[in-house]
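Below is one structure, written out as structure tokens; comments come after it.
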Amino acid sequence: MTGVSDSLKSAFRIKKGPSARIEEEFIHDKSASHIVSNPKPLLKGMGKRFELLPIRVSNFDNLLEDHGVERGMNILVSGGAGTGKTTLAMQSIYFGALAGEKGVYISFEEDPEKIKYHMKKNFGWDFYELEKKGLVSIVKFDPAKIARQVEEVLVKEAGMLRIKVKEMELPIVPDRIAIDSISALAIEFESEKSYRKYVKEMFHMLQAYNSVNLIISETEQNPKTYSRTGVEEFVGDGVIVLYNLKIAGVRKNALEILKMRSGKHSKEMVPYSINEKGIEIFFKEKTF
């Protein structure tokens, strides 16, 4: 079927060497021989499919009955400006790496060097050292390029889109992947229908890595919807919402787990702060 053999395939390839980095390729390849229909031979961690992985952000795991989430889950992290979405994702990757769990951070906006600089300056998190040890990779992709290529394929293939993980050498098999942010990708698509199709395929592709995937979504400060189109929260396995509430003239932060398919979780909004430790969650306290 040409929708598969001529599909757009996303490949994350890490090059060996002292400055190991991930290269992103979006390839319109007419040869089906490169397609991996069964990801199991590619992914070294597939035997851990239902293993629980802690989020490792302050007391967040205490809000989960199982104190972790299943591998392969796509979790939306939603909130307005300044609520700490990037901090939460980077904190998860940083403390995961300290525990030997490898992480990949994909930025659609900010330069990786700037991200590493601010994380070290603000919180003392040394991502430079973690990259040298091969525990973390922080990369930037061009959302406009992705959107153009996806829409071109959809036009040529009459609306068919299949994204597969191309066979590749991966010195880092990620335990965590963070995407910052899917909203930056969404605004580059001319067609919302095309974006919706891409998101569904991208989420399926991320699941194949058997990692815990944190996908950042920009919203209003106190959102009623948690993503740009609604498809993200529908196809995602979990939704974490970060609020910036104005109470008696003072801004205060609260966190809510809207859904988490892997198990039972707290239904309450819990207060948190952003300080020199990163995000600090006060799970035993009531929300204001």
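Numbering (this note's numbering), first residue to last: 2 to 289.
Note that beta-carbon positions come from the ideal geometry of N, C-alpha and C, so glycine has one too.
Output the residue ranges of the alpha helix (DSSP H) runs that lie fully inside the region 82-164 and measure 4 residues or longer, sorted by chain position.
-> Within the region 82-164, the runs of alpha helix (DSSP H) at least 4 residues long that lie entirely inside it are, in chain order, 86-99, 113-124, 128-133, 144-157.
DSSP state of Y244, grouped into three classes?
-> Position 243 of the sequence shown, counted from the first residue, corresponds to residue 244. Y244 carries a strand assignment under DSSP once its states are collapsed to helix, strand and coil.
Enclosing alpha helix (DSSP H) for E234 [first to last residue] = On the sequence shown, position 233 is the one that residue 234 refers to. The continuous alpha helix (DSSP H) containing E234 extends over residues 232-236.
Cα-Cα separation between I107 and V154, rounded to whole angstroms = If you number the sequence shown from 1, residue 107 lands on position 106. If you number the sequence shown from 1, residue 154 lands on position 153. C-alpha separation (whole angstroms): 23 Å.
Run the CB neighbour count on Y273, radius 10 Å, all protein chains shown included, and call it buried at 16 or more, exposed below.
-> Residue 273 sits at position 272 when you count from the first residue of the sequence shown. Under this definition Y273 is a buried residue.
Just tell me which of V105, A255, G239, A148 has its CA closest to the CA of E132.
-> Within the sequence shown, numbered from 1, the residue matching residue 132 stands at position 131. Selection V105, A255, G239, A148 evaluated against E132 yields V105 as nearest (Cα-Cα).
Sheet register partners of L207 (DSSP bridge) | On the sequence shown, residue 207 is found 206 positions in, with the first residue counted as 1. Per DSSP, L207 has no beta bridge partner at all.
Could you tell me which of H68, H119, G81 sits nearest to E277, measuring between CA atoms?
-> For the purposes of this step, residue 277 is taken as the residue at position 276 of the sequence shown. Selected option, being the one with the closest Cα: H119.
Coarse secondary structure for K278, derived from DSSP in three states = Taking the sequence shown and counting its residues from 1, one reaches residue 278 at position 277. Three-state result, K278: coil.
Would V70 pass as a contact of V242 if the rule is Cβ separation under 8 Å?
-> Walking along the sequence shown from the start, residue 70 turns up at place 69. Walking along the sequence shown from the start, residue 242 turns up at place 241. The answer is no: Cβ separation not under 8 Å.
Along the alpha helix (DSSP H) that carries S184, what are the first and last residues, could you check?
-> Position 183 of the sequence shown, counting from 1, holds the residue named residue 184. 183-187 is the extent of the alpha helix (DSSP H) around S184.
Please look up how many angstroms separate the CB atoms of L77 and S195, rounded, as I've assumed it's under 8 Å.
-> For the purposes of this step, residue 77 is taken as residue 76 along the sequence shown, with counting starting at 1. For the purposes of this step, residue 195 is taken as residue 194 along the sequence shown, with counting starting at 1. Their Cβ separation, rounded to whole angstroms, is 20 Å, which puts L77 and S195 out of contact at 8 Å.
Among the residues of its own chain, which have a CB less than 8 Å from the CB of R177, if the five just before and after it don't count?
-> As a position in the sequence shown, residue 177 is number 176, starting the count at 1. Same-chain partners within the cutoff: L54, S93, I94, G97, E102, K103, G104, V105, S212, V213, N214, L215.
Would you check if the distance between the CB atom of E66 and the CB atom of K287 is smaller than 8 Å?
-> Taking the first residue of the sequence shown as position 1, residue 66 is located at position 65. Taking the first residue of the sequence shown as position 1, residue 287 is located at position 286. No, the pair does not count as a contact, with Cβ atoms beyond the cut-off.
Helix or strand or just coil, what does DSSP make of E221?
-> Along the sequence shown, one-based indexing puts residue 221 at 220. Coil, per DSSP.
Output the boundary residues of the beta strand (DSSP E) element that contains S79.
-> For the purposes of this step, residue 79 is identified with residue 78 of the sequence shown, where counting begins at 1. Counted as a single uninterrupted DSSP element, the beta strand (DSSP E) harbouring S79 occupies residues 75-80.
Classify E286 as helix, strand or coil using the three-state DSSP reduction.
-> Residue numbering aside, residue 286 sits at position 285 when the sequence shown is read from its first letter. The answer is coil: DSSP assigns E286 none of H, G, I, E or B.
Which word fits F51, buried or exposed, when buried means at least 16 other C-beta atoms lie within 10 angstroms of its C-beta?
-> To locate residue 51, count along the sequence shown from 1; it is residue 50. Per the 10 Å Cβ criterion, exposed.
Can you tell me whether T87 is buried or exposed, with buried defined as 16 or more other CB within 10 angstroms of its CB?
-> Within the sequence shown, numbered from 1, the residue matching residue 87 stands at position 86. Flag for T87 reads buried.
6 Å CB neighbourhood of R252 in its chain, flanking five on each side removed | Residue numbering aside, residue 252 sits at position 251 when the sequence shown is read from its first letter. Closer than 6 Å at Cβ, skipping near neighbours: N245.
Roughly how many angstroms separate the alpha carbons of R72 and A249, rounded to a whole number?
-> Translated into the one-based positions of the sequence shown, residue 72 becomes position 71. Translated into the one-based positions of the sequence shown, residue 249 becomes position 248. Approximately 41 Å between the Cα atoms of the pair.
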